[in-house]
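Notes to accompany the following structure.
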Amino acid sequence: ALMNHGVSRDFRTRPRDVAKREREKAERRRAYEEATYDDIYRTLPEIVRENVSESSASVNEQRRLGLPEEKLLYFLEKHAPKLEDWQAELLRIVRLLSQYFYPQRQTKMMNEGCATFVHYEIINRLYDRGLLTDGTMLEFLHSHSSVIYQPSFNDRRFGGFNPYALGFAMMCDIKRICLEPSDEDRAWFPHFAGCGDALGTLRQAWAEFRDESFILQYLSPKLMRDFRLFAVSDDAKDAAMRVAAIHDEQGYKDIRRRLARQYDVAVQDPDLQVTDADLSGSRRLVLTHHVRKGILLDKAEAERTLQYLAQLWGYRVKLIESDDGRILKEHEALPMP
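Residue numbers for the sequence shown, in our numbering: 840 to 1176.
Set out below in structure tokens:
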């Protein structure tokens, strides 16, 4: 349930000498305290001084823990109070596996489209050279058409876009634009329309793009018409849904942008972050879900996952769902005895 929340999306280099880094931080902190020292704080009432001290301690604790932290599994591995060594090692293994497969999630449609397109090209070239029989070709076409089948939006079998269908169609469309472009293609893709090098263009796209950027760069108006794409605005605040983008100049751009966003892994997973952890007091862990477009977490799924999290943490865990600082919902869980 939390595997995707162990991925590190920040690839900044970190200093190897941790002790040296901590000494430098302590020196900077001491220099800052000397520069901002004000004797008037000594005259404040005792209760106020305690509040200020507690607030300062909380801020320092958050800084020490690096909060907020989006890598939930990493935080549990390093800071869970009751976690055994073997349990921390299992979390680390799961986290590293998730990190390893993270690029695959970003290129799922491109991977399937590339594989299907290359397979299709190879089989057709073998057939053209007389190396395959008609029966073999018919068997291939039957299998291929089943793989790239895409139900329409009003079909009971529709469950989203088939990555094989969309990927294969985009690869074929890029080949067409490179070899036989229309005036519309030349206006939308002046950098490669009519270049004559379909394979070179495809190889560049495979090397330099991932799903959402690939769609933003290469999805053509013709392909949008072929798939009969349109955009629907489904806002909970509205009384009814409305068609927001159709097949016109602005509509093509809007449809392409919306479709690309569906393949952006950064918005597929909920934005969960560890925002507070009291390691010296109640040991309570606080997570915050930053809500997008007013969409809350599924209650049953959230509570079940929170229970797993409480078992790993060993103490009370609280989940806050907020939108622009406004708390929408709260969940809490305690570890099972």
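All C-beta atoms in this analysis are idealised placements derived from N, C-alpha and C, irrespective of residue type, glycine included.
Can you say whether ASP1024 is buried or exposed, counting buried as having 16 or more other CB atoms within 10 angstroms of its CB?
With 16 or more other Cβ atoms inside 10 Å of its own Cβ, ASP1024 counts as buried.
What three-state label does DSSP hand ARG1049 in the structure shown?
When secondary structure is reduced to three states using DSSP, ARG1049 falls in the coil class, being assigned neither helix nor strand.
Tell whether a beta-carbon distance below 8 Å holds between GLY1035 and PRO1020.
No, these two residues do not count as a Cβ contact at 8 Å.
Helix or strand or just coil, what does DSSP make of LYS1092?
Assigned with DSSP and collapsed to three states, LYS1092 falls in helix.
Which residue wins for smallest C-alpha separation from LEU1055, given the options ARG1096, ASP1162, ALA1046, ASP1074?
For the options ARG1096, ASP1162, ALA1046, ASP1074, the alpha carbon positioned closest to that of LEU1055 is the one of ARG1096.
Span separating the alpha-carbon of GLU900 from that of LEU906
Separation of GLU900 and LEU906 (C-alpha to C-alpha, rounded to the nearest whole angstrom) is 9 Å.
Could you tell me the distance, in whole angstroms, from the CA atom of PHE956 to the CA atom of ARG1067?
Just so you know, the alpha carbons of PHE956 and ARG1067 end up roughly 22 Å apart.
Sequence-distant residues of its chain with Cβ nearer than 7 Å to LEU1167 (five each side left out)
These residues qualify, in order along the chain: VAL1130, LEU1135, GLU1160, SER1161.
Short of 7 Å in beta carbon distance, which residues of its chain neighbour ALA1079, apart from the five on each side in sequence? Order them along the chain.
Result list for ALA1079: empty, nothing under 7 Å.
Reduced DSSP secondary structure (H/G/I, E/B, other) of ARG848:
Per DSSP, reduced to three states, the secondary structure at ARG848 is coil, with no helix or strand assignment.
Just confirm the distance between the C-beta atoms of GLY952 and MET1009, as a whole number of angstroms; I'd bet it's less than 8 Å.
With 8 Å as the limit, GLY952 and MET1009 qualify as a contact, their Cβ atoms being about 6 Å apart.
Buried or exposed (CB count within 10 angstroms, at least 16 for buried), GLN945:
Within a 10 Å sphere around the beta-carbon of GLN945 sit 16 or more other beta-carbons, which makes this residue buried.
From ARG931 to ARG902, what does the alpha carbon distance come to, in whole angstroms?
One alpha carbon belongs to ARG931, the other to ARG902, and they sit about 23 Å apart.
Between the Cα of THR1114 and those of ALA1105, PRO920, ALA1075, LEU1158, spot the shortest distance and give me the residue it belongs to.
Closest by C-alpha distance to THR1114, out of ALA1105, PRO920, ALA1075, LEU1158, is LEU1158.
Considering only the alpha carbon of each residue, which of PRO1060, ALA1070, ALA1149 lies closest to ALA1116?
If we check each option's Cα against that of ALA1116, ALA1149 comes out closest.
Quick one, which of LEU1118, GLY845, GLN1043 has its alpha-carbon nearest PRO940's?
Rather than Pro, the amino acid found at residue 940 in this sequence is Phe. It is GLY845.
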